[in-house]
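Step one of this worksheet: look at the structure below.
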Amino acid sequence: DGGITQSPKYLFRKEGQNVTLSCEQNLNHDAMYWYRQDPGQGLRLIYYSQIVNDFQKGDIAEGYSVSREKKESFPLTVTSAQKNPTAFYLCASSINRDREKAFFGQGTRLTVV
Amino acid sequence: AQRVTQPEKLLSVFKGAPVELKCNYSYSGSPELFWYVQYSRQRLQLLLRHISRESIKGFTADLNKGETSFHLKKPFAQEEDSAMYYCALMDTGRRALTFGSGTRLQVQP
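Quick note, the sequences are listed as chains C and W, same order.
First residue of the first sequence: 25, per this note's numbering; consecutive thereafter.
First residue of the second sequence: 58, per this note's numbering; consecutive thereafter.
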């Protein structure tokens, strides 16, 4: 069953702790993205990667880090430097020749207490 | 910088009524615009793209460069159209999508 999988669905962390959100795809897509979704603000781009071992900052990269060591995986780490980490996080992927058609995961809701 | 604006957070209509979801954009280059939809308990997915000028599930959207708009329209709303709709713009430099804040469409019976 092909697709893009985010885990876990819900995540709770204490303030000051780093946390890593998983995103895996078996669609053989080249590009992967992380978005943050907050009520009334839509989706904002955190990081994106067009190819393995390469990634770029999006619009709200501060307090986040990523890696792209494998084509199928693009984990996002929310660090303690992120001032407002509680949010819904969406991962997406697309093939290079059709970037407009992004395939999204189900999302991870992170709550920092 | 590119920007996508969806002025309505919620649009409520009755079944059979026409629907227009508004989207305005600002972009210095030649825009590539899209509508994404998220039905309840489903993933966000591409609905249509302006370049193909297609009609999907009865929805159409016309790019108006003069008004910098890309409104989504359907002549007769159905209850199954109830969902969250996002307008998106492709940043051709980054090859990544910029999304609007979304509009929730409620179609009442």
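Each residue gets a CB set at the ideal place from its N, CA and C atoms; glycine is no exception.
query	result
Indicate whether at least one CB of chain W lies closer than 8 Å to the CB of R123(C).	yes
Name the DSSP bridge partner or partners of L154(W)?	M147(W)
Could you check what DSSP says for N81(W) in three-state terms: helix, strand or coil?	strand
Can you look up S126(W) in the DSSP assignment and give me helix, strand or coil?	strand
I think Q163(W) touches S69(W), with their Cβ atoms under 8 Å apart; what is that distance to the nearest whole Å?	4 Å
Along the chain, where does the beta strand (DSSP E) containing G66(C) start, and where does it finish?	66–75
Whole angstroms are fine: how far does the CA of F98(C) sit from the CA of I28(C)?	11 Å
Short of 6 Å in beta carbon distance, which residues of its chain neighbour K131(W), apart from the five on each side in sequence? Order them along the chain.	V76, G115, F116
Taking A55(C) as part of the beta strand (DSSP E), name the residues at either end of that continuous run.	55–62
Just how far apart, CA to CA, sit P63(C) and R106(W)?	25 Å
Go through the segment 77–132 of chain C residue by residue and report every complete run of the beta strand (DSSP E) that reaches 3 residues or more, in order.	78–81, 88–90, 100–102, 111–118
Take V76(C) and list the residues in its own chain whose beta-carbon comes closer than 8 Å to its own, dropping the five residues that flank it on each side.	R92, E93, K94, K95
Near Q165(W), what residues of its chain come up, given a Cβ to Cβ distance below 6 Å and the 5 sequence neighbours on each side ignored?	F71
Applying the 10 Å Cβ sphere with the 16-neighbour rule, what's the burial state of Y142(W)?	buried
Are the C-beta of Y57(C) and some C-beta of chain W separated by less than 8 Å?	yes
Taking Cβ-Cβ distances shorter than 8 Å, what residues in chain C pair up with L103(W)?	E124, K125, A126
Looking only at its chain, what residues have a beta carbon closer than 6 Å to the beta carbon of E48(C), apart from the 5 residues adjacent to it on each side?	T29, E96, S97
Looking at the secondary structure, which residues open and close the beta strand (DSSP E) in which Y93(W) lies?	90–95
Quick one: give me the first and last residue of the beta strand (DSSP E) that F36(C) is part of.	34–37
Shorter than 8 Å from the beta carbon of G157(W) to some beta carbon of chain C?	yes
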